[in-house]
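Student: Attaching a single structure in C-alpha cells format; questions to follow.
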Amino acid sequence: MASLLKAGVHFGHQKSRRNPKMDDYIYITRNNINIIDLAKTVELTKEALDFLTSVKKSGKQILFVGTKKQARDLIIDIAEYTGNPFVVERWLGGTFTNFGNIRRRVRYMIRLRDQIAKGELKKYTKFEQMKKVEEAEKLDRRMGGIAEMREMPGAIFVTDVIADNLAIREAQKMNVPVVALVDTNVDPEGVTYPIPANDDAVSSLAIMLAHVCKALR
Numbered sequence: 584m585a586s587l588l589k590a591g592v593h594f595g596h597q598k599s600r601r602n603p604k605m606d607d608y609i610y611i612t613r614n615n616i617n618i619i620d621l622a623k624t625v626e627l628t629k630e631a632l633d634f635l636t637s638v639k640k641s642g643k644q645i646l647f648v649g650t651k652k653q654a655r656d657l658i659i660d661i662a663e664y665t666g667n668p669f670v671v672e673r674w675l676g677g678t679f680t681n682f683g684n685i686r687r688r689v690r691y692m693i694r695l696r697d698q699i700a701k702g703e704l705k706k707y708t709k710f711e712q713m714k715k716v717e718e719a720e721k722l723d724r725r726m727g728g729i730a731e732m733r734e735m736p737g738a739i740f741v742t743d744v745i746a747d748n749l750a751i752r753e754a755q756k757m758n759v760p761v762v763a764l765v766d767t768n769v770d771p772e773g774v775t776y777p778i779p780a781n782d783d784a785v786s787s788l789a790i791m792l793a794h795v796c797k798a799l800r
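Here you go:
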C-alpha cells in the first residue's frame with residue numbers, strides 16, 4: 584500500500600466533481616479533494632487480476648484501451664509485453680458491435696502493408712503510390728493495435744471510463760467483461776471489475792498497469 588500512496592493512486596478529484604456512485608470507494612475528503620480508500624483498491628485489484636489471469640489461461644486475449652495522452656505509451660508497452668491487442672487512438676465505432684466489418688478493414692490494411700513492403704505499388708503513378716502509403720499509415724494508426732485480434736477478446740481493460748465510454752458501451756452490448764480504473768468522478772456501474780484509482784497521474788497509471796503486467800507475465 585505504501586507504493587500506491589507514493590504513486591498518488593489515492594488522489595481523486597475535487598469534491599464538486601464527485602460522482603455519488605463512487606462514495607463506497609472514497610475514504611475521506613481532505614482539502615476539498617476526495618481521497619480514495621486504498622484498502623478497497625488493493626482488494627478490488629486482486630479480484631480484477633484473478634479474473635484477468637483466468638482470461639489468459641482460457642486462451643482469450645485482453646484488449647487494452649487507453650486513448651488519453653498520458654496512458655498511451657503505457658498501454659502500448661503492456662499490450663506488447665503481454666502479447667495482447669490495444670487501442671490508443673480514438674475508439675472505432677463498431678469495433679465490437681460490427682466486428683466482422685472491422686476485421687475486413689484490418690485484413691485490407693495488412694494486404695496494403697504487404698504490397699508496400701514488396702514494392703508492388705510501382706504499377707501505380709507516384710501520386711497514387713503516395714495516397715496508398717498515406718492510407719496505410721492512417722489505417723495503421725487507427726487499427727494497427729488490433730491487427731492480431733482475430734476474435735472477440737475475453738475482456739477489455741480501460742484506463743479512463745469517461746474518455747473511453749464508447750468502448751465500455753460496446754463491450755456491455757457484446758457481453759465482454761470490463762476491467763477499469765475508476766476515479767472519484769466516474770460512474771462505475773458499467774464496469775464488471777472496477778479498480779478505484781487515480782486515472783490521471785502517470786505515476787498512478789504506471790503502478791496499476793505494472794501490477795496487471797506482472798499478473799499476466
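Quick note: to get this note's numbering, add 583 to the position in the sequence shown (first position is 1).
Where is the CB? At the ideal position from N, CA and C, for every residue including glycine.
1. Can you list, in chain order, the residues of its chain with a C-beta nearer than 7 Å to that of Glu753? Leave out the 5 residues immediately preceding and following it.
2. When the Cα atoms are used, what is the spatial distance from Ile745 to Lys715?
3. Where does the unbroken alpha helix (DSSP H) through Arg613 begin, and where does it stop?
4. Along the chain, where does the alpha helix (DSSP H) containing Val795 start, and where does it finish?
5. One question on the structure: do Leu792 and Leu657 come within less than 8 Å of each other, judged by their Cβ atoms?
6. Which runs of the beta strand (DSSP E) at least 3 residues long sit entirely within the segment 585-668? Give them in chain order.
7. Could you have a look at Tyr691 and say whether DSSP puts it in helix, strand or coil?
8. Within the same chain, show all residues whose beta-carbon is closer than 7 Å to that of Leu749, passing over the 5 residues directly before and after it, in chain order.
9. Use the C-beta contact count for Gly642: other C-beta atoms within 10 angstroms, 16 or more gives buried, fewer gives exposed.
10. Helix, strand or coil for Ala780? Go by DSSP, reduced to three states.
11. Excluding five sequence neighbours on each side, which residues of the same chain lie with their C-beta closer than 6 Å to the C-beta of Asn768?
12. Less than 8 Å between C-beta atoms, sequence neighbours within five positions excluded: which residues of the same chain meet that for Leu588?
13. Which of the three DSSP states, helix, strand or coil, is assigned to Val769?
14. What residues match up with Phe740 in a beta bridge as DSSP calls it?
15. I'd like to check one pair, Val670 with Leu635: are the Cβ atoms closer than 8 Å?
16. Kindly list the residues whose CB is nearer than 7 Å to the CB of His794, restricted to its own chain and excluding five residues on each side of it in sequence; keep chain order.
17. Just to confirm the assignment, what range does the alpha helix (DSSP H) spanning Lys714 have?
18. Whose C-beta lies closer than 7 Å to the C-beta of Gln644 among residues of the same chain, with five residues either side of it excluded?
19. How about Ala654 and Asp743: are their beta carbons less than 8 Å apart?
Tutor: Looking at the coordinates:
1. Thr678, Phe679 and Thr680
2. 35 Å
3. From DSSP, Arg613 is part of no alpha helix (DSSP H) but of the beta strand (DSSP E) over Ile609 to Arg613.
4. Val785 to Leu799
5. yes
6. 594-597, 609-613, 616-619 and 645-648
7. helix
8. Result list for Leu749: Trp674 and Gly676, in chain order.
9. exposed
10. coil
11. His596, Arg600 and Asn602
12. Taken in chain order, the residues that qualify are Leu621.
13. coil
14. Phe647 and Val762
15. Taking 8 Å as the Cβ cut-off, Leu635 and Val670 do not qualify as a contacting pair.
16. Thr628 and Leu632
17. Lys709 to Met726
18. Asn667, Pro668, Met732, Pro736 and Gly737.
19. The answer is yes: Cβ separation under 8 Å.
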